[in-house]
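Just so we're aligned, residue 14 is where the sequence shown starts under the working numbering, counting upward by one.
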Amino acid sequence: MTQSASEITVTPARDYGNEVGQGWPVVVPPAPGELLSSWLHRLAMANGIPPQYFGRVLDVAGGDWSAKLDRDLPGRVLDLLVERTGLPAEDIDGLALHRDPLARLRLRQITGSGDARTSTARVNRLQYCPACLKEDRAPFFRRGWSLATRVSCFRHGCRLRDHCPACGRSVALPLILRRGAFDDNFCP
14 MTQSASEITV TPARDYGNEV GQGWPVVVPP APGELLSSWL HRLAMANGIP PQYFGRVLDV
74 AGGDWSAKLD RDLPGRVLDL LVERTGLPAE DIDGLALHRD PLARLRLRQI TGSGDARTST
134 ARVNRLQYCP ACLKEDRAPF FRRGWSLATR VSCFRHGCRL RDHCPACGRS VALPLILRRG
194 AFDDNFCP
């Protein structure tokens with residue numbers, strides 16, 4: 014089909030900023046009991062940003078940016094999240110562990126190898142229940158799984174895991190959340 018230039022009507026699109034304001038196109042509500050890092054990774058993926066780069070959007074440096082925010086959520090980052098998501102500050106702040114009365118019982122960050130003598134890299138220790146993640150419509154990590162005193166899932170009675178049963182690597186939060194449907198291993 015051919016048309017002459019006089020038959021084509023071009024309507025300028027509205028400016029994106031005027032349409033959505035300062036908000037992000039997709040806002041994922043936090044799940045009840047969700048850990049801040051889990052929600053941030055789901056928020057990043059929903060907006061088409063690879064989680065490893067979302068720290069830059071939040072102006073937080075480092076490879077373990079989300080684990081750092083779990084334990085210390087700066088006011089400027091909280092303000093940005095409130096502005097861009099429209100969610101109440103109390104709801105977002107409540108996902109973090111920094112004001113948690115059980116903070117002393119939370120799993121500590123450890124060195125990359127698990128041995129302080131061989132590495133200075135810090136990694137976040139995450140535990141998970143494979144049955145819970147498999148049942149979740151959108152998999153997410155629970156705050157309760159970060160308790161050092163928690164070794165099993167209260168719901169399923171199974172032992173919480175902190176590594177991939179197939180390859181033995183530490184939990185990679187973005188890999189698990191990206192899969193959509195969880196199975197027993199999360200190797201790429």
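All residues carry an ideal CB built from backbone N, CA and C; glycine is no exception.
Who are the Cβ neighbours of residue i in its own chain at under 6 Å, not counting the five residues just before and after it?
i, result
"Val-95", "Ala-102"
"Tyr-29", "For Tyr-29, the pLDDT reaches just 41, beneath the cut-off of 50, and the residue's location in the model is therefore unreliable, leaving the point undetermined."
When the distance is taken between beta carbons, is residue j closer than 8 Å to residue i?
i, j, result
"Leu-82", "Phe-67", "no"
"Tyr-141", "Arg-89", "no"
"Leu-110", "Arg-84", "yes"
"Arg-97", "Gly-36", "yes"
"Leu-86", "Leu-48", "no"
Buried or exposed for residue i, going by 16 or more other Cβ atoms inside 10 Å?
i, result
"Val-164", "exposed"
"His-155", "The sequence as given places Arg at residue 155; His does not occur at that position. Arg-155 is buried by the Cβ-count criterion."
"Val-41", "buried"
"Pro-63", "exposed"
Which residue comes first and which comes last in the alpha helix (DSSP H) that contains residue i?
i, result
"Thr-231", "What is shown of the chain runs 14 to 201, which leaves residue 231 out entirely."
"Val-39", "Val-39 -> no alpha helix (DSSP H), and no H or E assigned at all."
"Ile-105", "102-106"
Ignore the nearest five residues each way along the sequence and tell me which others in residue i's own chain have a CB closer than 7 Å to its CB.
i, result
"Gly-157", "Gly-46 and Arg-163"
Can you list, in chain order, the residues of its chain with a C-beta nearer than 8 Å to that of residue i? Leave out the 5 residues immediately preceding and following it.
i, result
"Leu-91", "Ala-102, Ile-105 and Asp-106"
Does chain B have any CB closer than 8 Å to the CB of residue i?
i, result
"Leu-82", "Chain labels in this structure do not include chain B; a single protein chain is all it has."
With a threshold of 8 Å, are at least 3 pairs of Cβ atoms found where one atom belongs to the segment 159-172 and the other to the segment 140-148?
yes
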